[in-house]
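Quick notes on the structure that follows.
Number of protein chains: 2
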Amino acid sequence: MATGRTHRPATRSRGIPEATVARLPLYLRALTALSERSVPTVSSEELAAAAGVNSAKLRKDFSYLGSYGTRGVGYDVEYLVYQISRELGLTQDWPVVIVGIGNLGAALANYGGFASRGFRVAALIDADPAMAGKPVAGIPVQHTDDLEKIIKDNGVSIGVIATPAGAAQQVCDRLVAAGVTSILNFAPTVLSVPDGVDVRKVDLSIELQILAFHEQRKAGEETAAGDGGLPAAAPRGVAADTSADQGPDGDVPAVMPA
Amino acid sequence: MATGRTHRPATRSRGIPEATVARLPLYLRALTALSERSVPTVSSEELAAAAGVNSAKLRKDFSYLGSYGTRGVGYDVEYLVYQISRELGLTQDWPVVIVGIGNLGAALANYGGFASRGFRVAALIDADPAMAGKPVAGIPVQHTDDLEKIIKDNGVSIGVIATPAGAAQQVCDRLVAAGVTSILNFAPTVLSVPDGVDVRKVDLSIELQILAFHEQRKAGEETAAGDGGLPAAAPRGVAADTSADQGPDGDVPAVMPA
DNA sequence: GTCTGTGAACAACTTCACAGCC
DNA sequence: GGCTGTGAAGTTGTTCACAGAC
């Protein structure tokens with residue numbers, strides 16, 4: 001489609017690689033922990049260990065943001081926290097709605113990690129009339145009928161879908177029509193969205209399946225290539241290699257707009 | 259460390275790329291849906307659309323598994339379901355334990371996607387004595403004291419950690435000591451594990467932060483480069499580009515074994 | 001001497017484009 | 001004509017290794 005040449009037409013001011021963006025929250029979490037322990041500075045080596053990456057990668061990542069370190073010393077923790085927060089857009093307030101208040105929706109509503117990162121659960125929405133008015137995590141559940149009004153009144157641009165798979169696309173369409181432009185999807189379905197809307201997905205069973213793949217492979221090696229078995233004998237970073245994987249999704253582009 | 263040359267020393271029988279492995283569950287889900295509708299065959303184009311990827315990628319992925327399609331026709335749905343299931347190790351039964359039966363743990367216990375994919379929730383474990391014996395999703399919660407015995411009695415090799423961050427490493431250590439070699443971690447912490455143990459993580463707030471990054475960028479463009487605004491005007495796949503990202507984690511290697 | 005920042009080399013992944021089979 | 005399977009080209013991401021600042 002289109003010409004097929006020259007991707008990424010406009011839409012890039014400074015161009016931080018996606019892989020780097022995906023790691024910034026990791027660094028931020030590690031830095032926040034250091035900050036709470038009043039650690040003033042940290043080296044790339046230490047921070048990398050705390051975030052679970054290697055130091056070269058971390059330094060490269062930070063180099064895309066700017067030169068925020070001091071050679072021979074390291075990085076100022078507070079300053080870096082601020083810079084990364086700003087880069088991620090966490091210095092502003094993001095009202096989010098959660099649609100589908102089952103077990104998972106309730107877990108999300110109760111999850112402390114949101115509030116501490118600039119996210120504010122503006123509303124909980126469920127299709128079950130019996131849920132309406134019932135407070136979950138201190139927030140009264142509202143009925144799906146009012147979805148559009150809730151989105152607009154609260155200026156919500158990020159929606160979380162935690163409904164059953166069958167309802168997800170319909171909810172998604174309504175969210176998008178009401179003005180939501182970023183969606184975090186927990187339902188095991190591929191969502192179709194128009195251009196300009198971002199979708200990220202988390203599928204719990206996909207993660208387990210990937211683990212099963214590696215688990216099976218381990219079991220196979222144990223009996224097959226008699227290299228060392230698996231009782232903690234392997235001298236090299238075998239596990240580091242096989243587990244250095246990409247994450248749950250390859251990509252969730254704005255699929256099938258037509 | 260080590261020599262620093264020649265990665266991936268042994269540990270690769272046929273070498274399916276990680277990126278491909280991560281997409282196999284996606285294909286499997288789409289195929290299962292087709293199978294339930296009794297669709298006999300599917301083309302790479304159709305299946306790719308259903309899975310939310312492009313067809314070239316899908317064909318390349320399948321080529322790593324073998325030549326399971328028919329030129330001019332497409333793929334036999336049932337046959338592919340079987341082949342992918344086998345490759346992922348889902349033709350066998352995987353008993354899993356879930357540790358930490360809070361909101362999230364309960365959601366996981368109730369999640370239907372596990373059972374339908376060869377995973378069996380063998381036990382629920384929580385540190386709160388008040389929870390012990392209480393059934394969640396029809397399974398009685400057991401106390402952490404019995405963790406080692408539960409793992410061994412059930413031959414569990416996959417563990418799911420849904421505890422608070424503070425307890426995660428300790429739980430992880432006990433799981434590993436008891437014989438678990440694959441861990442799915444929902445706690446917002448980096449886990450240290452010995453070689454040979456795989457860790458995958460899901461962090462709900464990290465996903466939101468990545469969305470916030472893109473959301474912020476959209477808002478910035480709206481006012482800055484007056485290209486088209488965002489009222490569904492963009493003619494090209496801008497969103498497809500910015501959302502074609504990697505997933506929540508860069509990698510979770512076996513960090514800091516020492 | 002320590003530690004960052006970064007070009008250059010390397011590796012992984014994706015997309016193209018078309019040969020080969022139906 | 002239709003569609004898969006796959007080398008080759010292109011793109012993105014990671015690691016190395018060292019110059020340069022402290």
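Line by line, the protein sequences give chains W and Y. Under the working numbering, the first residue of the first sequence is numbered 1, with each subsequent residue one higher. Under the working numbering, the first residue of the second sequence is numbered 259, with each subsequent residue one higher. The beta-carbon is built from N, C-alpha and C at its ideal position, and this holds for glycine as well.
Mind checking the segment 190-218 of chain W against chain Y and listing, in chain order, the residues whose C-beta falls within less than 7 Å of any C-beta there?
190, 194, 195, 196, 197, 198, 199, 200, 202, 204, 205, 206, 207, 208, 209, 210, 211, 212, 213, 214, 215, 216 and 218
Buried or exposed: where does residue 120 (chain W) fall if 16 or more other Cβ atoms within 10 Å of its Cβ makes it buried?
With fewer than 16 Cβ atoms within 10 Å of its Cβ, residue 120 (chain W) is classed as exposed.
Can you say whether residue 415 (chain Y) is buried or exposed, counting buried as having 16 or more other CB atoms within 10 angstroms of its CB?
The residue in question, residue 415 (chain Y), is buried, as its Cβ has 16 or more Cβ neighbours within 10 Å.
Is there a Cβ from chain W that is less than 8 Å from the Cβ of residue 346 (chain Y)?
yes
Among the candidates Y:289, Y:345 and Y:326, whose CA atom is the shortest distance from the CA of residue 278 (chain Y)?
Y:345
Does residue 140 (chain W) get closer than 8 Å to chain Y when you measure Cβ to Cβ?
no
For residue 186 (chain W), does the three-state DSSP call read helix, strand or coil?
coil
So who's on the other strand from residue 76 (chain W), going by DSSP bridges?
W:41
Once DSSP output is grouped into helix, strand and coil, what is the label at residue 176 (chain W)?
helix
Secondary structure at residue 81 (chain W), three-state DSSP: helix, strand or coil?
helix
Using a Cβ-Cβ cut-off of 8 Å, state whether residue 163 (chain W) counts as contacting chain Y.
no
Apply the 10 Å Cβ neighbour rule to residue 428 (chain Y) and answer buried if 16 or more other Cβ atoms are within range, or exposed otherwise.
exposed
Comparing the C-beta of residue 188 (chain W) with each C-beta of chain Y, is any distance below 8 Å?
yes
Leaving out five residues before and five after residue 404 (chain Y) in sequence, what residues of the same chain have Cβ atoms less than 8 Å from its Cβ?
383
Do residue 151 (chain W) and residue 179 (chain W) count as a contact pair if the criterion is CB distance below 8 Å?
yes
Please look up how many angstroms separate the CB atoms of residue 127 (chain W) and residue 144 (chain W), rounded, as I've assumed it's under 8 Å.
5 Å
Using a Cβ cut-off of 8 Å (strictly closer), state whether residue 32 (chain W) contacts chain Y.
no
Determine the direct distance from the alpha carbon of residue 303 (chain Y) to that of residue 108 (chain W), and round the result to whole angstroms.
35 Å
Count the other CB atoms, across all protein chains shown, that sit within 10 Å of the CB of residue 459 (chain Y); report buried if there are 16 or more and exposed otherwise.
buried
Assuming residue 99 (chain W) and residue 31 (chain W) make a contact with CB atoms under 8 Å, what is their CB distance in whole Å?
Not a contact, Cβ separation roughly 32 Å.
Using a Cβ cut-off of 8 Å, pull out every chain Y residue sitting near residue 175 (chain W), in sequence order please.
By Cβ distance, chain Y contributes nothing, its closest Cβ being about 13 Å from residue 175 (chain W), past 8 Å.
Kindly say whether residue 335 (chain Y), judged by its beta-carbon, lies nearer than 8 Å to any beta-carbon of chain W.
no
Looking at the structure shown, is residue 120 (chain W) part of a helix, part of a strand, or coil, going by DSSP?
strand
Please identify the residue among W:174, W:76 and W:139 whose C-alpha is closest to the C-alpha of residue 35 (chain W).
With distances taken between Cα atoms, residue 35 (chain W) lies closest to W:76.
Per the DSSP calculation, residue 416 (chain Y) is bridged to which residue(s)?
Y:354 and Y:440
What in chain Y is Cβ-close to residue 106 (chain W), meaning under 7 Å?
361
By DSSP's criteria, residue 141 (chain W) is part of a beta bridge. Which residues make up the other side?
W:124
Residues of chain Y with CB under 8 Å from residue 117 (chain W), in chain order?
Listed by position along chain Y, the residues whose Cβ is nearer than 8 Å to that of residue 117 (chain W) are 463, 466 and 467.
What does the alpha-carbon distance come out to for the pair residue 148 (chain W) and residue 173 (chain W)?
11 Å
Looking at the unbroken alpha helix (DSSP H) that takes in residue 317 (chain Y), where does it start and where does it end?
313-323
How many angstroms separate the CA atom of residue 317 (chain Y) from the CA atom of residue 282 (chain Y)?
12 Å
Can you list, in chain order, the residues of its chain whose CB lies under 7 Å from that of residue 394 (chain Y), leaving out five sequence neighbours each side?
Excluding sequence neighbours, residue 394 (chain Y) sits near 359, 364, 367 and 382.
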